[in-house]
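In our numbering, the protein residues as written are 5 to 320.
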């Protein structure tokens, strides 16, 4: 199954399906989407949804642990906290993901994607963390095992470049996957996430090599990778820049200012470009792969058709 990431918007259904007719001809079977409150759930039923990407809180560990001073540092004031989490009670995370799980089942999707990661806003600039992957993974297991119970779609855990599931450490990955009680589970490899903070990766050729070596390092867990997000980055040594000005502006801004600074930075770290490496070789290295998703940045539906077709050319 080959899909692409797409979030439906009100009033564009007819335009979408005109594009989708053409995309089907090049081998696309559906979309991976995020279900939000901008559309009624029943409207999603009209779309060819293969999978849903569950909502993601990039920053949640301190909130979950009740570390109120750190939460205030990150979200400026009570209004900022409520805007982000919708509650001061940590169990809002459980409630939100349970609701998402039920929506995924109602839509009869084939798979769900869950980000297993945590990063405080300022740390995306400094790359200095006062928490580690093991902490993030263990706390995340508590949430997952409370939310995902019984039968349901395949639950895929996606790697990110921050502490959590990076797919670069066999022991941590095995500990985490073994600790998930939900039976219908697996891993999802995101290409840009596994390379975007690796300063030694400076081309698609070296990205191919790094990704394939990382897969070998996962040993038998490579067979648990059922999904892949295909996307690429710029190789401009962006993370080697001095971000002191960005950090200063971030510290002085209100919550909206901070968000815009964070968003602009992340677009540079992980721009979701076409992956121009040996995609076919990477796919062939994943014996259990079921779901290929082109997770690409696009400006319009016409542009979407162009980037999907371009990405497809690296797969065939």
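We put the CB at the ideal spot given by N, CA and C, even for glycine. Owing to the predicted nature of the structure, the values given are computational and were not obtained by experimental measurement.
Between the alpha carbons of residue 232 and residue 201 lies a distance of about 18 Å. For residue 34, the enclosing beta strand (DSSP E) starts and ends at 34 to 37.
Under the three-state reduction of DSSP output, residue 194 falls in the strand class.
For residue 117, the enclosing beta strand (DSSP E) has its first and last residue at 115 to 119. With a threshold of 16 other beta carbon atoms within 10 Å, residue 307 falls short and is exposed. Rounded to the nearest whole angstrom, the CA to CA distance from residue 25 to residue 316 is 16 Å. For residue 234, the uninterrupted beta strand (DSSP E) run begins and ends at 229 to 234, by DSSP. Here residue 190 really is in contact with residue 160; their C-beta atoms are around 5 Å apart, less than 8 Å. Per DSSP, the unbroken beta strand (DSSP E) holding residue 7 starts and ends at 6 to 9. Looking at the backbone, the Cα of residue 30 and that of residue 313 are separated by about 7 Å. Between residue 167 and residue 197, the C-beta gap is not smaller than 8 Å, which leaves the two residues out of contact. Per the coordinates, the alpha-carbon of residue 179 lies some 43 Å from the alpha-carbon of residue 17.
174 is the residue among 192, 32, 174 whose C-alpha sits nearest the C-alpha of residue 220. Annotation for residue 124: 63, 78 place their beta carbon closer than 6 Å to its own, counting only its chain and skipping 5 residues before and after.
Contact annotation: residue 150 and residue 98 have beta-carbon atoms nearer than 8 Å. Sorting 290, 108, 276 by C-alpha distance to the C-alpha of residue 302 places 276 at the top. C-alpha of residue 299 to C-alpha of residue 27: approximately 15 Å in a straight line. Under the DSSP assignment, residue 87 falls outside any beta strand (DSSP E), being part of the alpha helix (DSSP H) whose first and last residues are 82 to 89. If the five residues before and after residue 214 are omitted, its C-beta is found closer than 7 Å to the C-beta atoms of 199, 202, 205, all from its own chain and listed in chain order. With contacts defined as CB atoms closer than 8 Å, residue 311 and residue 273 fail to qualify as a contacting pair. Per DSSP, the beta-bridge partners of residue 162 are 119, 192. CA-CA distance, residue 218 to residue 115, rounds to 24 Å. Listed in chain order, the beta strand (DSSP E) runs fully inside the stretch 213 to 262 are 229 to 234, counting runs of at least 3 residues. Residue 81 counts as exposed, since fewer than 16 other C-beta atoms from the protein chains shown sit within 10 angstroms of its C-beta. One thing to note: residue 135 has its Cβ within 8 Å of the Cβ of residue 65. Sequence-distant partners of residue 296 (beyond 5 residues in either direction) whose C-beta falls short of 8 Å from its own C-beta, in its chain, are 5, 6, 7, 231, 232, 234, 287, 319.
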